[in-house]
Structure formats: C-alpha cells, structure tokens
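Each protein sequence line maps, in turn, to chains A and B. Following the numbering used here, the residues of the first sequence are numbered contiguously, the last one being 100. Following the numbering used here, the residues of the second sequence are numbered contiguously, the last one being 184. We treat Cβ as the ideally placed atom computed from N, Cα and C, and that holds for glycine. As the structure is a computational prediction, the values presented were derived from the model and not from experiment. Just below is one structure, and these are the notes that go with it.
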Amino acid sequence: MIPPEYELTLSALLFGIGLFGILTRRNAIIVLMSVEIILNAAILNFVAFASYANDPGGQVFALLAIAVAAGEAAVGLAIFLNVYATHGTIELDKIRIMRW
Amino acid sequence: MNRSDLTMLLAVSLLTVVVAESVLLVSWPSELHDIPAYNNTNSSGQGVANTLFNSYSFTVVLIGLLLAAAMIGGIYLAKKEVKE
C-alpha cells in the first residue's frame, strides 16, 4: 500500500500545478481545467486520510466531490459557450462586461 | 513564458515545496487500512457503499438534485436563441 507521504506530496504537487495554471493562463477552458486539478488534489487528500484513519467517510466525500466537479464543469463550459457567442473569445483578459 | 509567469512559477514552486516538506516532516504511521467497497458481513459495515447509502443517503439525493440542476442550467445557458 502506498504510504500517505507520497499521496500527500502528489496532492501538493497537483495543487501547485493547478494554482500555476489559474494564475498564469488566460484561456478560460485551461483555467477551468486548472480548477479541476485543484479539486482532484483535494479529493486525493480525502482518500489518503480515509485510508489513514480507517474511515470510509473520506472516500464517500471523494465520490460526492467528483459529482460536484462534474456539475461545475458542465455549467462552466455552458457559460464559456455563451461568452464565446456574445464576445467572440474566451480569453479572460478581453472579457470586460458581464452582460451583452 | 514572460517575466510575470516566471515569478508565478517561482512562487507556486516555493509554496509546493513548503507544503510537501511539512507533509514529509510528519511521522505518519506505517500501517494503513484497506477500506472495502462493500461490506456484506453486517448491515452497518465499514464499506464505502454501506456508509454512502446508510449515513449519507440524504446527501446522495441532494447530489442528484444538484446534478439535475446543473444539467438543466447547462442546457439553458448553452442553447442558441432562434431568431424569428
């Protein structure tokens, strides 16, 4: 079985990659993917600590967090589709108005 | 990659190293527990499915409602308006 240090270090690495993507990228889809990477880092922490504490609640919360991430991705992509239809771009620097 | 991106990379790398180092400095126990997906030996077992459908059954219903709302909202946001 994988020791918790490895899982938590991988989780920190995933969090760093996602944070770097959010801070530096301007494409909205890449920012959404970075948010998903950060969510996956949190889910990995849930699973690691569930195995550490012998509590299935952590794995249950991981399943629920995956469902929430799916809903977030669906709504986010629909919003970006609408933004592209109104603004002609999904570059976050160029979107300055909330309503067309 | 411009200069601000390099600064961000440095800051995020530093944060990641600090978090990973703080994790590695903790002495974690070597014995880990294997949680089964479903425990059919008793009704209130330690399986993931047992916990999900016994302790968190209302949460499963709420997640279903959330996914349904996300689906309807996504369709509403993404549909094209028909010009008459």
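Three or more beta-carbon pairs separated by less than 8 angstroms link the stretch 35-51 of chain A to the stretch 9-20 of chain A, which places the two stretches in contact.
The Cβ-Cβ distance between A78(A) and I175(B) falls below 9 angstroms. Annotation for L165(B): the continuous alpha helix (DSSP H) segment containing it runs S157 to A178. A Cβ-Cβ separation of about 15 angstroms leaves V68(A) out of contact with G58(A) under the 8 angstroms criterion. At a C-beta separation below 8 angstroms, V161(B) has no neighbours in chain A, since its nearest C-beta there lies roughly 12 angstroms away.
Take F49(A), set aside five residues on each side of it, and the residues of its chain with a beta-carbon closer than 7 angstroms to its own are G58, in chain order.
Following the DSSP letters along the chain, one finds Y84(A) inside the alpha helix (DSSP H) bounded by residues G57 to H87. Not a single CB atom of chain A sits nearer than 9 angstroms to the CB of T141(B). Per DSSP, reduced to three states, the secondary structure at N54(A) is coil, with no helix or strand assignment. Secondary structure of E121(B) (DSSP, three-state): helix. Under the three-state reduction of DSSP, E91(A) is assigned to strand. By alpha-carbon distance to E5(A), the top candidate from S157(B), L125(B), V161(B) and A170(B) is L125(B). For D134(B), the closest alpha carbon among the candidates Q146(B), I172(B) and S127(B) is that of Q146(B). Counting every other CB atom within 10 Å of its CB across the protein chains shown gives S11(A) a total of 16 or more, marking it as buried. Across the set E7(A), F61(A) and A53(A), the C-alpha of A53(A) shows the shortest separation from the C-alpha of E131(B).
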